[in-house]
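> Starting off with a structure, shown below.
Residue numbers (full-length UniProt numbering): 1 to 388.
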């Protein structure tokens with residue numbers, strides 16, 4: 001069953017709601033004059049990296065007078081064929097985003113564009129300045145992703161650029177562009193870059209731009225427009241109000257599972273942290289967290305981690321830390337969550353961490369990065385600072 005089958009019922013009214021908004025709040029155009037940009041998030045790693053990519057595409061769309069299509073997100077999976085889609089509304093609030101950039105539903109894009117994109121914004125320079133073997137390898141993955149995206153959405157993406165060195169249907173930034181340029185500065189400095197004459201555009205692998213174009217320098221301008229979906233916010237607030245009794249609380253994101261260690265503990269810059277994690281005992285962590293809460297006058301704690309991760313640490317914290325709550329508690333208390341849908345649970349936990357009195361983040365975690373962007377002007381630090 002395709003999870004997107006009911007998407008039209010959820011999102012069809014977004015442009016209608018926008019049209020009822022004052023003109024000084026949202027710039028509404030005649031649909032026939034709209035230039036669409038569809039962020040193709042499949043193949044952009046996990047949901048949090050897709051979230052970062054969506055932010056970047058939204059900023060480009062707003063600055064280049066394009067209409068952002070409310071395209072689906074995708075969960076984790078071993079292949080692009082097994083990464084299940086989730087509607088935009090499940091992840092983000094389209095009404096709030098529409099206060100920043102003009103948006104359109106997938107249904108409008110399909111109608112106006114006849115279920116296909118005319119041109120591609122390419123998020124990585126996979127065609128230019130590469131060896132033939134590198135190009136063939138990457139192009140094979142891109143071709144696979146385009147086919148999988150069509151199976152999920154019914155939208156065709158041009159693929160001619162995979163087989164020629166350059167194409168009029170491909171829009172790219174220069175291969176020799178320096179890294180970490182603020183996207184606002186780039187768009188100002190290069191007014192003829194990332195523009196299109198086509199009505200129906202897809203942004204393929206936007207995550208590939210994040211190392212080169214950065215929005216972090218101006219996150220305070222944008223974060224208020226990227227708000228999690230209504231169900232996510234309501235579920236998080238209900239848990240905060242009832243299970244946590246509206247107490248002040250610290251949210252601890254504990255990403256340090258086997259997957260994290262297998263990825264990062266091979267890197268020299270993470271060795272000190274990995275050694276500290278290996279040496280950490282449950283009683284030591286309890287003492288550090290309890291001390292932190294006492295000196296910060298915080299009355300409760302939420303431990304955000306995957307189910308079953310670090311059971312010994314959780315057992316120690318549950319016994320030794322007052323008003324301690326976990327992912328398992330959240331699922332038990334929330335009728336809309338289940339152990340079979342980690343996608344929604346993860347979003348709710350991020351919202352709980354966003355609203356916390358203090359956030360203790362995990363090092364080298366895009367999940368934590370998203371919460372830190374939410375809290376750009378609030379208190380947070382990395383959890384490993386407690387047990388250095």
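Ideal Cβ positions, reconstructed from N, Cα and C, are used throughout, including at glycine. None of these values were measured; they are calculated from a predicted model.
1. Applying the criterion that 16 or more other CB atoms from any shown protein chain within 10 Å of the CB defines a buried residue, is residue 61 buried or exposed?
2. Do residue 355 and residue 240 have their beta-carbon atoms positioned less than 8 Å apart in this structure?
3. Nearest CA to the CA of residue 326: which residue from 302, 335, 309?
4. Let's see if you can read the secondary structure: which residues bound the alpha helix (DSSP H) around residue 403?
5. Going residue by residue through the stretch 81-112, where are the continuous alpha helix (DSSP H) segments of at least 4 residues, counting only ones entirely within it?
6. Residue 379: buried (16+ other C-beta within 10 angstroms of its C-beta) or exposed?
7. Taking the alpha carbon of residue 225 as the point to measure from, which residue in 138, 254, 100 has its own alpha carbon closest?
8. Apart from the five residues on each side of it in sequence, which residues of its chain come closer than 6 Å, Cβ to Cβ, to residue 85?
9. Quick check on residue 116: does DSSP put it in helix, strand or coil?
10. Report the rounded CA-to-CA distance for residue 211 versus residue 365, giving the unit in angstroms.
11. Restricting to Cα atoms, I'd like to know which of 263, 249, 328, 336 is closest to residue 295.
12. Whole angstroms is fine: what's the gap from residue 126's alpha carbon to residue 162's?
13. Between the C-alpha atoms of residue 344 and residue 201, what's the straight-line distance to the nearest angstrom?
14. Here's the rule: buried if 16 or more other CB atoms are within 10 angstroms of the residue's CB, otherwise exposed. What is residue 70?
15. Which residue from 291, 110, 67, 170 puts its Cα closest to that of residue 322?
16. DSSP three-state label for residue 207, please.
17. Given residue 223, which residues of its chain have a CB within under 7 Å of its CB, disregarding the five upstream and five downstream residues?
18. Given this structure, state the Cα-to-Cα distance separating residue 247 from residue 122, to the nearest angstrom.
19. By the three-class DSSP mapping on this structure, what secondary structure does residue 253 have?
20. What residue range is occupied by the uninterrupted beta strand (DSSP E) comprising residue 69?
21. Under three-state DSSP, which class holds residue 221?
22. By how many angstroms is the C-alpha of residue 297 removed from the C-alpha of residue 43?
23. Relative to the C-alpha of residue 154, which residue among 40, 368, 305 is closest?
24. Do you know how far the Cα of residue 362 is from the Cα of residue 368?
25. Do residue 194 and residue 157 have their beta-carbon atoms positioned less than 8 Å apart in this structure?
26. Starting from residue 313, follow its DSSP beta bridges and name the residues at the other end.
27. Tell me whether residue 402 sits in a helix, a strand or coil according to DSSP, three-state version.
28. Report the three-state DSSP secondary structure of residue 238 (helix, strand or coil).
29. Taking the alpha-carbon positions, what's the residue 395 to residue 184 distance?
30. Count the other C-beta atoms from every protein chain shown that fall within 10 angstroms of the C-beta of residue 304, then say buried if there are 16 or more, exposed otherwise.
31. Out of curiosity, what's the CA-to-CA distance linking residue 208 and residue 47?
32. Per DSSP, what are the beta-bridge partners of residue 301 in this structure?
33. Hey, how far is the Cα of residue 68 from the Cα of residue 140?
34. Taking all protein chains shown into account, decide if residue 269 is buried (16 or more other Cβ within 10 angstroms of its Cβ) or exposed.
35. By Cβ distance, which residues of its chain are closer than 8 Å to residue 293, with the 5 residues on each side in sequence left out?
36. Taking C-beta to C-beta, are residue 92 and residue 229 nearer than 8 Å?
So, to answer that:
1. As a working note, residue 61 is residue 61 in the chain shown. Result: buried.
2. Residue mapping note: residue 240 aligns to position 240 of the chain shown, counting from 1. Residue mapping note: residue 355 aligns to position 355 of the chain shown, counting from 1. Yes. Within cutoff.
3. As a first step, residue 326 is located in the chain shown; it is residue number 326 there, counting from the start. Measuring from the Cα of residue 326, the nearest candidate turns out to be 302.
4. The structure shown does not extend to residue 403, since the chain is modelled only from 1 through 388, so no value can be given for it.
5. 88-91, 94-97
6. Position 379 of the chain shown, counted from the start, is the residue given in the question as residue 379. Under this definition residue 379 is an exposed residue.
7. Numbered from its first residue, the chain shown carries residue 225 at position 225. Answer by Cα proximity: 100.
8. As a position in the chain shown, residue 85 is number 85, starting the count at 1. Here the set comprises 3, 4, 72, 74, 152.
9. Indexing the chain shown from 1 puts residue 116 at position 116. Of the three classes helix, strand and coil, the one that applies to residue 116 here is strand, per DSSP.
10. Here residue 211 refers to the residue found at position 211 of the chain shown. Here residue 365 refers to the residue found at position 365 of the chain shown. Distance between the alpha carbons of residue 211 and residue 365 is about 16 Å.
11. For the purposes of this step, residue 295 is identified with residue 295 of the chain shown, where counting begins at 1. Checked all of 263, 249, 328, 336; the closest Cα to residue 295 is 249.
12. For the purposes of this step, residue 126 is taken as residue 126 along the chain shown, with counting starting at 1. For the purposes of this step, residue 162 is taken as residue 162 along the chain shown, with counting starting at 1. Residue placement at residue 126 cannot be trusted, given a pLDDT of 49 that sits under 50; what the coordinates show is reported in the next sentence. Going from the Cα of residue 126 to the Cα of residue 162 covers about 9 Å.
13. Locating residue 344 in the chain shown gives position 344, counting from the first residue. Locating residue 201 in the chain shown gives position 201, counting from the first residue. Roughly 29 Å between the two C-alpha positions.
14. Within the chain shown, numbered from 1, the residue matching residue 70 stands at position 70. Residue 70 should be labelled buried.
15. Translated into positions along the chain shown, residue 322 becomes position 322. Ranking the options by Cα distance to residue 322, first place goes to 291.
16. As a working mapping, residue 207 is identified with position 207 in the chain shown. Residue 207 falls in the helix class under three-state DSSP.
17. Taking the first residue of the chain shown as 1, we reach residue 223 at position 223. Excluding sequence neighbours, residue 223 sits near 373, 374, 376.
18. Residue 247 sits at position 247 when you count from the first residue of the chain shown. Residue 122 sits at position 122 when you count from the first residue of the chain shown. Their Cα atoms are separated by approximately 47 Å.
19. Counting from one through the chain shown, the residue named residue 253 turns up at place 253. Strand, per DSSP.
20. Position 69 of the chain shown, counted from the start, is the residue given in the question as residue 69. Here the beta strand (DSSP E) through residue 69 covers 67-69.
21. Within the chain shown, residue 221 is the residue found at index 221, counting from 1. Here residue 221 sits in helix by DSSP.
22. Counting from 1 along the chain shown, the entry for residue 43 is found at position 43. Counting from 1 along the chain shown, the entry for residue 297 is found at position 297. Approximately 43 Å, taken between the alpha carbons.
23. Taking the first residue of the chain shown as position 1, residue 154 is located at position 154. Answer by Cα proximity: 40.
24. Against the chain shown, residue 368 aligns to sequence position 368. Against the chain shown, residue 362 aligns to sequence position 362. Their Cα atoms are separated by approximately 6 Å.
25. To locate residue 157, count along the chain shown from 1; it is residue 157. To locate residue 194, count along the chain shown from 1; it is residue 194. Cβ distance not < 8 Å, so residue 157 and residue 194 don't count as in contact.
26. Within the chain shown, residue 313 is the residue found at index 313, counting from 1. According to DSSP, which records beta bridges pairwise, residue 313 is partnered with nothing at all.
27. Outside the shown range of the chain, which is 1 to 388, sits residue 402, and nothing can be said about it.
28. Taking the first residue of the chain shown as 1, we reach residue 238 at position 238. Correct three-state label for residue 238: helix.
29. Outside the modelled stretch of the chain, which goes from 1 to 388, sits residue 395, for which no answer is possible.
30. For the purposes of this step, residue 304 is taken as the residue at position 304 of the chain shown. Classification of residue 304: buried, given that the 10 Å Cβ count is 16 or more.
31. Here the question's residue 208 lines up with position 208 in the chain shown. Here the question's residue 47 lines up with position 47 in the chain shown. Taking the straight line from one Cα to the other gives about 15 Å.
32. Along the chain shown, read from residue 1 onward, the residue named residue 301 stands at position 301. Residue 301 is bridged to 250, 324.
33. Locating residue 68 in the chain shown gives position 68, where the first residue counts as 1. Locating residue 140 in the chain shown gives position 140, where the first residue counts as 1. For residue 68 and residue 140, the distance between alpha carbons rounds to 27 Å.
34. Residue 269 sits at position 269 when you count from the first residue of the chain shown. The residue is exposed, with fewer than 16 neighbouring Cβ atoms inside 10 Å.
35. Stepping through the chain shown from its first residue, residue 293 is reached at position 293. Around residue 293: 250, 299, 301, 321, 322.
36. Sequence index remark: in the chain shown, residue 92 carries index 92 (1-based). Sequence index remark: in the chain shown, residue 229 carries index 229 (1-based). Taking 8 Å as the Cβ cut-off, residue 92 and residue 229 qualify as a contacting pair.
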